[in-house]
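Novice:
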Amino acid sequence: MTARHATVVVVGGGQAGLSAAHHLRRRGFTSALDGDAASSGSDGGGARTFVVLDAEQHPGGAWQHRWESLRMATVNGIFDLPGMPLPPVDPAEPSRTAVPRYFAAYEAADDLAILRPVHVDSVRAVDDDPDGPLRLETSAGAWEARVVVNATGTWNTPRVPDLPGRDLFTGTQLHTRDYVAAEAFAGQRVAIVGGGISAVQLLDEISRVATTLWYTRREPVFLDHDFTQSLDGVDVERRVAVDAAAGREPASIVSYTGLGWTSYAVDARRRGVLVRRPMFTALGPRHVIESDGSSTSVDAVVWATGFRADLGHLDPLGLRGPLGGVPLDGTAARLDPRVHLIGYGPSQSTVGANRAGRAAVAALVRRLDAERG
Numbered sequence: 010m011t012a013r014h015a016t017v018v019v020v021g022g023g024q025a026g027l028s029a030a031h032h033l034r035r036r037g038f039t040s041a042l043d044g045d046a047a048s049s050g051s052d053g054g055g056a057r058t059f060v061v062l063d064a065e066q067h068p069g070g071a072w073q074h075r076w077e078s079l080r081m082a083t084v085n086g087i088f089d090l091p092g093m094p095l096p097p098v099d100p101a102e103p104s105r106t107a108v109p110r111y112f113a114a115y116e117a118a119d120d121l122a123i124l125r126p127v128h129v130d131s132v133r134a135v136d137d138d139p140d141g142p143l144r145l146e147t148s149a150g151a152w153e154a155r156v157v158v159n160a161t162g163t164w165n166t167p168r169v170p171d172l173p174g175r176d177l178f179t180g181t182q183l184h185t186r187d188y189v190a191a192e193a194f195a196g197q198r199v200a201i202v203g204g205g206i207s208a209v210q211l212l213d214e215i216s217r218v219a220t221t222l223w224y225t226r227r228e229p230v231f232l233d234h235d236f237t238q239s240l241d242g243v244d245v246e247r248r249v250a251v252d253a254a255a256g257r258e259p260a261s262i263v264s265y266t267g268l269g270w271t272s273y274a275v276d277a278r279r280r281g282v283l284v285r286r287p288m289f290t291a292l293g294p295r296h297v298i299e300s301d302g303s304s305t306s307v308d309a310v311v312w313a314t315g316f317r318a319d320l321g322h323l324d325p326l327g328l329r330g331p332l333g334g335v336p337l338d339g340t341a342a343r344l345d346p347r348v349h350l351i352g353y354g355p356s357q358s359t360v361g362a363n364r365a366g367r368a369a370v371a372a373l374v375r376r377l378d379a380e381r382g
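Residue numbering for the sequence shown follows my numbering, starting at 10 and increasing by one per position.
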């Protein structure tokens, strides 16, 4: 099948992908969707082109799927995209409407070349040439590119522990990804699993209508300050970058930072529900087996256990190292520098995603300039 061409294909239209697209525009890249550019995309001295392939139906990335009760007042992080600050919003507005509206306005203002919904199935080298173009097989046909900037995030790859008896449990099981509202658990006994920000948010919320039991693998560490406003934040990013460079599979940011005493964490503590139990070892039809061997009845299990990087489409390139992750030099995959990973490892945060988008574009332009001579 004949492929369409672009100098750069960005995979993913969330925070990191939009940041990369913005910086490509600033560097003079034009849309691969405009007229003849869509059929050439040559970098042999001609115009450099780009396209963003986004699997979502609408702008907003994973934000449009967050649970209804996650309001802007309780969202963690900074969501300003480069060149366009987040406008004032009602703190009571759900993030699932406020952030996608902002992303949509950003796309329109920046005139970004975004094609959606397009799911990328695989990325591989054309004719196995390590210096040639990359071919992307997608739900909307094939594309070829000199460089792929991967910004697929984690939303489509939830992490759920494979504990004994999980398939035997007859109550409700769901991951944070599928959570809608606390009312679904009214009057029940609910095990909430996970030691991150989402787990604490859901613990506070569900405990208002149900009996909750909080399970974590390790004792949670709560900070007395906001790490993002201190030198700790710089140290955290450095440590995550070291792990990414070594090819370790990225862990959650909270595993590096600890938990902050947010309003919902303080309220959960005040109401006596912020009580951690050691992780249970197995599930039965309607119960969990505690670490001491005893049994505790539960009606539902909420897995607030995080996500893995959504990188399956890159597997044909063999980018993973022996430690399970993709070793990086800056944002470039060490085993194939035609591929840049952003929103991955040290750039999982929204601030980090913005910086990574800029850094990836600067690096790929240097590579393209060197190839052109």
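For each residue, glycine too, the CB sits at the ideal point set by N, CA and C.
Do you know how far the Cα of A151 is from the Cα of D324?
Specialist: 17 Å
Novice: Report the three-state DSSP secondary structure of L211 (helix, strand or coil).
Specialist: helix
Novice: Taking D308 as the reference, give the member of V199, I298 and A368 with the closest Cα.
Specialist: V199
Novice: Evaluate S300 with the Cβ neighbour count: other Cβ atoms within 10 Å of its Cβ, from every protein chain shown; 16 or more gives buried, anything less gives exposed.
Specialist: exposed
Novice: Between A56 and D43, what straight-line distance do the alpha-carbon atoms span, to the nearest angstrom?
Specialist: 12 Å
Novice: Helix or strand or just coil, what does DSSP make of A56?
Specialist: coil
Novice: Nearest by alpha-carbon distance to L328: which of A134, V311, V18 and T58 is it?
Specialist: Of all alpha-carbon atoms in A134, V311, V18 and T58, the one lying nearest the alpha-carbon of L328 is that of A134.
Novice: By the 10 Å Cβ neighbour count, where 16 or more other Cβ atoms means buried, how is L232 classified, buried or exposed?
Specialist: Exposed.
Novice: Could you work out which residue in V19, T58, G21 and A30 is closest to F38 when comparing CA atoms only?
Specialist: Of the residues V19, T58, G21 and A30, the one whose Cα lies closest to the Cα of F38 is T58.
Novice: Leaving aside the five residues before and after L124 along the sequence, list all residues of the same chain whose C-beta is less than 8 Å from its C-beta, in chain order.
Specialist: L42, V60, V61, L62, D63 and A149
Novice: Please say whether R186 and G315 have beta carbons closer to each other than 8 Å?
Specialist: no
Novice: Let me confirm a value: Q357 is counted as buried when at least 16 other C-beta atoms fall within 10 Å, else exposed. Which label applies?
Specialist: buried
Novice: Output needed for A47: all residues of its chain with C-beta closer than 6 Å, excluding positions within five of it in sequence on either side, in chain order.
Specialist: With a pLDDT of 44 at A47, under the threshold of 50, the modelled position of that residue is not reliable, and the figure given next carries that caveat. The answer, listed in chain order, is R13 and A41.
Novice: Could you tell me the distance, in whole angstroms, from the CA atom of H296 to the CA atom of G92?
Specialist: 51 Å
Novice: Does the contact criterion of 3 or more C-beta pairs under 8 Å hold for the segment 93–113 versus the segment 199–213?
Specialist: No, the segment 93–113 is not in contact with the segment 199–213.
Novice: Within a Cβ cutoff of 7 Å, which residues of the same chain sit near D284, ignoring the five residues on either side of it in sequence?
Specialist: Rather than Asp, the amino acid found at residue 284 in this sequence is Val. Answer for V284: W223, listed in chain order.
Novice: Do L145 and L27 come within 8 Å of each other at the CB atom, strictly closer than that value?
Specialist: no
Novice: Entirely within the segment 129–180 and at least 3 residues each: give me those beta strand (DSSP E) ranges in chain order.
Specialist: 129–134, 143–147 and 150–159
Novice: Please state if the CB of V348 and the CB of N159 are separated by a distance shorter than 8 Å.
Specialist: yes
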